[in-house]
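Okay, so here's the structure we're looking at.
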Amino acid sequence: MCVACAMPPTTCTSAAHCRSSAQRVENDDVSMVTAASRPLAARSRQRCSGDDADDAVACSARKVRRREKWSRLATALAGALVFVLGMLAQSFLASHPVQLGGLAARIQLAVKTQGLSSLRRKIVIIESLGGSDKTLDGWRRDTWPLVHEIRRLGWDAQVVKFYDGREAELFASISSTADAYISRVDPGEWINFSLDRYLAFLQKLLDANIAGFPTPREMHEFGSKRTLLQLDKLPFSAGDTVLYTNAAQLRSEFPRSLLTGKRVLKRSGGAMGHGIWLVELAEQCFNDTTHDVVVDGSSMLRAREASRNRSLRVPLRDFLAMCESKYLAEPSDYMIDMRFLPRIAEGEVRIIFIGSRPVRVIHRIPCRNCFSAGLDSGATHKVYGAFDGPFQSVVRLVESHVREIQRVLKMDALPLLWTADFILDDASRVGMTLSEINSNCIGFAAHPDFARLLAREAVERIVDKRRAEASAGGRADLRGIVAVAPSGMSDL
Numbered sequence: 046m047c048v049a050c051a052m053p054p055t056t057c058t059s060a061a062h063c064r065s066s067a068q069r070v071e072n073d074d075v076s077m078v079t080a081a082s083r084p085l086a087a088r089s090r091q092r093c094s095g096d097d098a099d100d101a102v103a104c105s106a107r108k109v110r111r112r113e114k115w116s117r118l119a120t121a122l123a124g125a126l127v128f129v130l131g132m133l134a135q136s137f138l139a140s141h142p143v144q145l146g147g148l149a150a151r152i153q154l155a156v157k158t159q160g161l162s163s164l165r166r167k168i169v170i171i172e173s174l175g176g177s178d179k180t181l182d183g184w185r186r187d188t189w190p191l192v193h194e195i196r197r198l199g200w201d202a203q204v205v206k207f208y209d210g211r212e213a214e215l216f217a218s219i220s221s222t223a224d225a226y227i228s229r230v231d232p233g234e235w236i237n238f239s240l241d242r243y244l245a246f247l248q249k250l251l252d253a254n255i256a257g258f259p260t261p262r263e264m265h266e267f268g269s270k271r272t273l274l275q276l277d278k279l280p281f282s283a284g285d286t287v288l289y290t291n292a293a294q295l296r297s298e299f300p301r302s303l304l305t306g307k308r309v310l311k312r313s314g315g316a317m318g319h320g321i322w323l324v325e326l327a328e329q330c331f332n333d334t335t336h337d338v339v340v341d342g343s344s345m346l347r348a349r350e351a352s353r354n355r356s357l358r359v360p361l362r363d364f365l366a367m368c369e370s371k372y373l374a375e376p377s378d379y380m381i382d383m384r385f386l387p388r389i390a391e392g393e394v395r396i397i398f399i400g401s402r403p404v405r406v407i408h409r410i411p412c413r414n415c416f417s418a419g420l421d422s423g424a425t426h427k428v429y430g431a432f433d434g435p436f437q438s439v440v441r442l443v444e445s446h447v448r449e450i451q452r453v454l455k456m457d458a459l460p461l462l463w464t465a466d467f468i469l470d471d472a473s474r475v476g477m478t479l480s481e482i483n484s485n486c487i488g489f490a491a492h493p494d495f496a497r498l499l500a501r502e503a504v505e506r507i508v509d510k511r512r513a514e515a516s517a518g519g520r521a522d523l524r525g526i527v528a529v530a531p532s533g534m535s536d537l
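By the working numbering, the letter at position 171 of the sequence shown is numbered 216, and the numbering carries on one by one without gaps.
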């Protein structure tokens, strides 16, 4: 067999052919050794550099097919990577929603606060010294979660105790280092200081251009029983409500009020049902001539206080004397006389607001034969989201009148945290009646998410206040400006 052309001798007829073929084999061997030592890209160019047009077209087609193959592979790998990253992100968000939200909030606030040199980025939380609202460590249960959330926004937070005689020290510290205060003093826990001195201290901070949550005026307007009378034009107002500002007025008008049926008397201050009485005639006496019911000092009453659900059977004159000595002793004291709403037995609907936004509904159901909806009196509470559960229509109705409440009370802003209580009422044209509103130290230990929302709302109000001052060039008429709620507050 010819080693040059690999043909049998009988086939190989041309020595020249064999020599040419042998030369081609030798050249091919050299080319293969040389190509093996070249880079891949160079060998690829060699394979596609033939003079034959058909070979060039075929080579180009192979390159296109190779590119398409690698492109499909890369697309598949990218899709798989996106899927895996998406699953990991979903898992992270499910287990760390607050952390990610806090980061987003800090970035947003950092952008909003650019250029505000007057911003100190500090909030002081004020508590009372002592009181039954404290835990064993001496602090309220909902204070430190709020501190934590403020700090997560990149701000500083400090907690201080207020008591008589410490005003000057605290004022110097807060007015020189902080942007705002948050008062967390329970209305029923004014221990070691007087209310008047505390309110004067808060007002002094406002005069020093420290934002207040709440302000003394908010505490009064959203904690005063008089507010029920101011809101008498709203569709869910109580109606048939009387204000007693002195003992003479109480003695003159309350006996006539009893002729209409059961009445609820509420003192101006207090909390947790203290000073709230359900009063009715225990027995009726009739005029011999007119046969009308007669109510005088000797008329026997059945009175029950909401706080302890204790009942008294007492003459009217003795009951009025007790009210005068306990609830009308000071010139600023007063009492509210309202008609009793029997559907309180079905529960009271409390709507909790952060600014103008409803965030929670609590259905507070009194125990049997009670009319207090407080937990201390044995009531049970069912908690719903603002727009979940059976009271969505109530929430939407009240939400539509929030700005009207603000206008009637002549408030520049709604309190940071406040509540409105409603009782179902067949006599009301909207099926419910407002029984109370309040903004004085609303507890939120049972609602952990409130700390995050309150911290964000407070900081945004402070930033908006400082920005308004900066835009106004620091005008004197903006000193003490009330921090107005931002137009929109998104959940973190």
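Don't be surprised by glycine CBs; every beta carbon is placed ideally from N, CA and C.
A quick note: this is a predicted structure, and the numbers were derived from the prediction, not measured.
Beta carbon of residue i nearer than 8 angstroms to that of residue j
| i | j | result |
| --- | --- | --- |
| Ser356 | Arg347 | yes |
| Phe436 | Val475 | no |
| Glu505 | Leu461 | no |
| Ser417 | Ser313 | no |
| Asp382 | Tyr289 | yes |
| Ala500 | Arg186 | no |
| Phe238 | Phe216 | no |
| Ala431 | Val394 | no |
| Arg388 | Asp470 | yes |
| Leu244 | Pro259 | no |
| Asn485 | Pro190 | no |
| Glu212 | Arg242 | yes |
| Leu295 | Val309 | no |
Which of helix, strand or coil DSSP assigns to residue i
| i | result |
| --- | --- |
| Thr188 | helix |
| Cys368 | helix |
| Ala431 | coil |
| Glu444 | helix |
| Glu375 | coil |
| Pro403 | strand |
| Cys486 | coil |
| Phe398 | strand |
| Thr180 | coil |
| Val169 | strand |
| Asp494 | helix |
| Ile462 | According to the sequence provided, residue 462 is Leu. The question's Ile does not apply to it. Strand at Leu462. |
| Ser438 | helix |
| Phe467 | strand |
| Leu133 | helix |
| Ser480 | strand |
| Asp509 | helix |
| Arg409 | strand |
For residue j and residue i, the rounded distance between their alpha carbons
| i | j | result |
| --- | --- | --- |
| Val338 | Leu304 | 8 angstroms |
| Arg107 | Ala121 | 21 angstroms |
| Lys206 | Val359 | 42 angstroms |
| Leu174 | Arg229 | 11 angstroms |
| Thr272 | Ala253 | 28 angstroms |
| Arg520 | Glu514 | The pLDDT assigned to Arg520 is 40, lower than 50, so where the model puts this residue is not dependable, and the model offers no usable value. |
| Ile507 | Ile219 | 15 angstroms |
| Leu240 | Arg409 | 29 angstroms |
| Arg538 | Ile397 | The displayed coordinates of the chain run from 46 to 537. Any statement about residue 538 would go beyond what the structure contains. |
| Glu172 | Val129 | 49 angstroms |
| Ala283 | Glu214 | 44 angstroms |
| Ile255 | Leu164 | 11 angstroms |
| Leu479 | Arg512 | 37 angstroms |
| Val192 | Ala202 | 6 angstroms |
| Glu263 | Ser473 | 27 angstroms |
| Ser377 | Met477 | 30 angstroms |
Spatial neighbours of residue i in its chain, beta-carbon cut-off 6 angstroms, leaving aside the 5 residues before and after
| i | result |
| --- | --- |
| Arg384 | Asp285 |
| Cys330 | Val339 |
| Val428 | Ile407 |
| Lys311 | Lys270, Ile321 and Ile381 |
| Leu373 | Ala292 |
| Glu369 | Ala292 |
| Ser343 | Pro360 |
Own chain partners of residue i with C-beta closer than 7 angstroms, once the 5 adjacent residues on each side are dropped
| i | result |
| --- | --- |
| Glu328 | Met345 |
| Gly488 | Asp187 |
| Pro142 | The predicted model places Pro142 with a pLDDT of 42, which falls under 50 and marks its position as unreliable; any figure quoted below should be read in that light. Once the five neighbours on either side are set aside, Pro142 has no close Cβ partner at all. |
| Gly434 | Val406 |
| Ser438 | none |
| Arg110 | none |
| Glu266 | Thr272, Leu454 and Met456 |
| Thr180 | Arg186 |
Beta-carbon contacts of residue i that lie in its chain and below 8 angstroms, excluding the five residues immediately before and after
| i | result |
| --- | --- |
| Arg301 | Val340 |
Q: May I have a chain-ordered list of the beta strand (DSSP E) segments no shorter than 3 residues that lie completely inside the stretch 185 to 268?
A: Segments of the beta strand (DSSP E) lying fully in the stretch 185 to 268: 201 to 207, 225 to 228 and 256 to 258.
Q) Considering only residues of the stretch 286 to 367, which uninterrupted beta strand (DSSP E) runs meet the minimum length of 3 residues and lie entirely inside it, listed in chain order? A) Whole beta strand (DSSP E) segments, 3+ residues: 287 to 289, 308 to 312, 321 to 326, 345 to 350 and 356 to 360.
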